[in-house]
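**Student:** Quick note, the UniProt record's numbering runs 9 ahead of the 1-based positions in the sequence shown. Note that the Cβ used here is the ideal one computed from N, Cα and C, for glycine as well. Quick caveat: nothing in here was measured; it's all calculated off a predicted structure.
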Amino acid sequence: AGPRHRRRIVKLEESVVNKIAAGEVVQRPFNALKELLENSIDAGSTKVSVTVRDGGNTMIRVQDDGCGIHEGDLPLLCERHATSKLETFEDLRTVQTLGFRGEALCSVSYVAHLTVTTMREGDAHATRTVFRDSKIEDGPKPCAGLVGTTVTVEDLFYNMPIRRKALRSPSEELAKVIEVVGRYAVYHDGVGVSLKRHGNARPDVSTSASDTKQQKIRMVFGSQVGSNLLEFKASAVPDECDGEGMSFQAKGYASSANYNSGKRTVLVLFINGRLVECSPLKRCLETVYASVLAKGSRPFFYVELTIPHEQVDVNVHPTKKEVNFLHQDDLIERLREAVENAVFTSNDHRTYYKQT
Ligand code: ADP
Ligand code: MG
């Protein structure tokens, strides 16, 4: 073998950097779909309709009724680090939108065929633009449309054969897609979300903007879960003297002792609007049920947690799902108490006694 370092250092071309980054942001259809959903929600949509073909492997389409995109912004739409949501690093502390990195559409444009149709209030017509490798390939061309944006992602990894081979079967990808869409559908109040398989009349997920949280949980997680839910709340305000103490607001639903069809524990957790995972919280909430559930059945939890931005690191990589936040142990304990209270004081379960 020749010398490993015989070449001089060069700076990678931007397109090479972008292509490498794209493969990190988008690994499977549901990653791309999550980004598109977040964009639709950031755009103030009240209705988001998702269509997938082959579990998203060959097509993902997200249609929304949000604010649309200014025609003059289209050339920048898929440029890396181009965003309408952030200007300074300080803005990160107060950012209310789900996106802010300006990386998602760029990444998608490097790994799939991307078409964007959009129209704003007051525009004479919609426009259709095809993107490739962060640049406009075709358009914008005038077309018929409604106010809002439709993003179509086709042939994921058409240009990366190894990645394409690594995609799972359509049914496996679809399961993950349904999971992600369902969870966002439950979380976002005032937004109706639907998911259809291309060619199917019946949707796999369908919520309307006026549904209550319980109705949406029932729709997405089934009537067994939906009929056995206990609501709980917990919160803490920081010490007045230093303002450094634990501060959070949480509300959620936990399954009651009557729920006995869970085969594994489900924790659906949103922190500041982001779907995340927190294994310590899941394990801790599970312990509440040790004495009340039949052997082999597992509880269900849906938790919405709001934590001051300075106490949780939102600047994590898009695909990083486990989160860390300040006062984690105390906060988890407070949530456990709240769930315990709900489970042991609810009327239908007064026959159960807490064993300590
Ligand atoms: P980010 O969401 O981090 O800003 P994206 O690459 O996801 O980055 O999107 C880039 C920009 O494109 C957004 O900042 C937004 O201005 C615009 N955009 C993307 N999707 C939509 C949409 N569905 N409706 C309106 N604007 C959108
Ligand atoms: Mg985004």
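Residues with a Cβ closer than 6 angstroms to any heavy atom of the ligand MG, in chain order?
**Tutor:** The filter returns E44, E47, N48, G108, A113, in chain order.
**Student:** Using the three-state DSSP reduction, which class does E181 fall into: helix, strand or coil?
**Tutor:** If you number the sequence shown from 1, residue 181 lands on position 172. Residue state, collapsed to three classes: helix.
**Student:** Measuring from the CB of I78, is there a heavy atom of the ligand ADP at a distance below 8 angstroms?
**Tutor:** To locate residue 78, count along the sequence shown from 1; it is residue 69. Yes, the Cβ of I78 comes within 8 angstroms of a heavy atom of the ligand ADP.
**Student:** At a threshold of 8 angstroms, does L86 count as lining the ligand ADP (C-beta to nearest heavy atom)?
**Tutor:** Numbered from its first residue, the sequence shown carries residue 86 at position 77. Under cutoff, so the answer is yes.
**Student:** Does the pairing of the segment 117-134 with the segment 75-84 give three or more beta-carbon distances under 8 angstroms?
**Tutor:** Touching, yes, given that three or more Cβ pairs across the two stretches are closer than 8 angstroms.
**Student:** Cutting at 7 angstroms between CB atoms, please list the residues of its own chain near S355, excluding the five before and the five after it.
**Tutor:** One-based indexing of the sequence shown puts residue 355 at position 346. Taken in chain order, the residues that qualify are L239, S265.
**Student:** Cβ of V156 within 8 angstroms of any heavy atom in the ligand ADP?
**Tutor:** As a working note, residue 156 is residue 147 in the sequence shown. No; taking the cut-off as 8 angstroms, the Cβ of V156 has no heavy atom of the ligand ADP nearer than that.
**Student:** Decide if V61 is buried, meaning its Cβ has at least 16 other Cβ atoms within 10 Å, or exposed.
**Tutor:** Mapped onto the sequence shown, residue 61 falls at position 52. With 16 or more other Cβ atoms within 10 Å, it is buried.
**Student:** In or out: G77 buried (at least 16 other Cβ within 10 Å) or exposed?
**Tutor:** Sequence index remark: in the sequence shown, residue 77 carries index 68 (1-based). Per the 10 Å Cβ criterion, buried.
**Student:** Would you please state the rounded distance, in angstroms, between the beta carbons of S203 and S215? I believe it to be under 8 angstroms.
**Tutor:** Along the sequence shown, one-based indexing puts residue 203 at 194. Along the sequence shown, one-based indexing puts residue 215 at 206. At roughly 5 angstroms, the Cβ-Cβ gap stays under 8 angstroms, so S203 and S215 are in contact.
**Student:** Once the 5 residues before and after E349 are set aside, which same chain residues still bring their CB inside 7 angstroms of it?
**Tutor:** In the sequence shown, counting from the first residue as 1, residue 349 sits at position 340. Within the same chain, E349 has close Cβ partners V297.
**Student:** Quick one: Cα of V200 to Cα of V57, how far?
**Tutor:** Taking the sequence shown and counting its residues from 1, one reaches residue 200 at position 191. Taking the sequence shown and counting its residues from 1, one reaches residue 57 at position 48. Distance between the alpha carbons of V200 and V57 is about 7 angstroms.
**Student:** Return the first residue and the last residue of the alpha helix (DSSP H) that M255 is part of.
**Tutor:** For the purposes of this step, residue 255 is identified with residue 246 of the sequence shown, where counting begins at 1. From DSSP, M255 is part of no alpha helix (DSSP H); its letter is neither H nor E.
**Student:** Please report how far the alpha carbon of V285 lies from the alpha carbon of R13, in whole angstroms.
**Tutor:** Counted from its first residue, the sequence shown places residue 285 at position 276. Counted from its first residue, the sequence shown places residue 13 at position 4. Rounded to the nearest angstrom, the two C-alpha atoms are 41 angstroms apart.
**Student:** Can you tell me which residues form a DSSP beta bridge with D73?
**Tutor:** Here residue 73 is taken as the residue at index 64 of the sequence shown, counted from 1. D73 pairs with V57, T158.
**Student:** Could you tell me the alpha carbon to alpha carbon distance between A153 and I280, rounded to whole angstroms?
**Tutor:** In the sequence shown, residue 153 corresponds to position 144, counting from 1. In the sequence shown, residue 280 corresponds to position 271, counting from 1. So the two alpha carbons sit approximately 38 angstroms from each other.
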